[in-house]
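See structure below.
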Amino acid sequence: MDRTEDSSADSAKTIRRDTRRAARLAAVQALYEIDLIGATPKDVLAEFDRRGSGGMLEDGALMAADRPMFARIVKGVFGRSKELDALLDQVLTEGWTVARLEVLLRAILRAGAFELLARPEVPVRVVVSEHVDIAHAFLSDKETGLVNGVLDRLARRLRPREMGETEADEEGWGDGPPRPIG
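The following block contains the structure:
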C-alpha cells in the first residue's frame, strides 16, 4: 500500500469511529428523552430519521450517526431496561440504585451496560471510554468518575476474561454473564 491508500484507510476508520461515537451520543440523548418525557423508541427513531440526527464531536464538527447502531442501542436498552437496571444496581455503591440517579447519568449507564452485555464484539475499553467521554461532556468530574467506575465493575463481572480476570469476582458470577432476569 502506498501513502494514499494508507491515508484513505485511516480516513475511513476515523469516519466509521466518529459515526459510531455520534450514534452513542444520539442514543444517550434519545434514552434521556424516553426516560424524561415517556417517549417510545418508535417516537425517537422517527424523530431521528426526520431530523437526520448526529452528534457533535470534540472538535465541534457535526457527524452523522450510524443509524443501525443508534437503533440497536435505543431498542436494546428499552427492551432490557429491567435486566440492565438489576445489573447496574449490583455494581453501584451501597445505598444507590439506578432509580435514584439523575436521568442523564442513568441514560449513560444503561447505554454502556447494554453494550457490555449485548455487544461482545465491541472491546470493553471502547465501551467504557466512549461512555466516559459522553459523561464528561455533560456531567461533573465526580459523576464522570462514577460512570467510569460503574462500567469498569460491570465489565469485570460480564467480561472477566477480557478484563484479565480468572474469576468474575468474589461474589461468584463465574465465567460468564448472569442469566437474563425475568
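Everything in the sequence shown is counted per my numbering, starting at -19 for the first residue and increasing by one. Just so it is clear, CB atoms sit at the ideal spot from N, CA and C, and this is done for glycine as well.
Rounded C-beta distance between residue i and residue j? I'm assuming under 8 Å.
i: Val108; j: Leu131; result: 5 Å
i: Leu25; j: Val54; result: 7 Å
i: Ala207; j: Leu11; result: Since the first residue shown for the chain is -19 and the last is 162, residue 207 is missing from the structure and cannot be characterised.
i: Leu68; j: Phe94; result: No, Leu68 and Phe94 are not in contact; Cβ-Cβ is about 10 Å, not under 8 Å.
Ordered along the chain, which non-local residues of its own chain (more than five positions away) have a Cβ less than 7 Å from that of residue i?
i: Glu123; result: Leu85, Ala115
i: Asp149; result: Unreliable placement is indicated for Asp149, whose pLDDT of 45 sits below 50; no coordinate value is reported for it.
i: Ala19; result: Glu13
i: Ile17; result: none
i: Ala7; result: Phe50, Ile53, Val54, Ala91
i: Arg0; result: Asp46, Met49
i: Lys22; result: none
i: Glu145; result: Arg136
i: Ile161; result: Low local confidence applies: a pLDDT of 43 at Ile161 is under 50, so the model's placement there is unreliable, and no value is given.
DSSP state of residue i, grouped into three classes?
i: Met49; result: helix
i: Ala19; result: coil
i: Val102; result: coil
i: Gly152; result: Any reading at Gly152 needs caution, since the residue's pLDDT is 45, under 50, leaving its predicted position unreliable; the model's value is listed next. Note: Gly152 maps to coil in three-state DSSP.
i: Glu13; result: helix
i: Glu27; result: helix
i: Arg60; result: coil
i: Glu74; result: coil
i: Ser109; result: helix
i: Glu95; result: helix
i: Gly145; result: As written in the sequence, residue 145 is Glu, which differs from the Gly given in the question. Reduced to three states, the DSSP call for Glu145 is coil.
i: Arg139; result: coil
i: Glu123; result: helix
i: Leu81; result: coil
i: Pro160; result: Here the model assigns Pro160 a pLDDT of 46, short of 50, so the residue's position is not dependable, and the following value carries that caveat. Pro160 falls in the coil class under three-state DSSP.
Using a Cβ-Cβ cut-off of 6 Å (strictly less than) and excluding sequence neighbours within five positions of residue i, which residues of its own chain qualify?
i: Val71; result: Val130, Arg133, Leu134
i: Arg164; result: Nothing in the structure corresponds to residue 164, since the chain is present only between -19 and 162.
i: Leu119; result: none
For residue i, collect the residues of the same chain with a Cβ closer than 8 Å to its Cβ; drop the 5 residues on either side in sequence, then sort them by chain order.
i: Val104; result: Leu96, Ala135, Arg139, Glu142, Met143
i: Leu112; result: The residue you asked about is not Leu; residue 112 is Val in the sequence shown. Within the same chain, Val112 has close Cβ partners Thr124, Val127, Asn128, Leu131.
i: Arg31; result: none
i: Val83; result: Tyr12, Asp15, Leu16
i: Asp(-10); result: none
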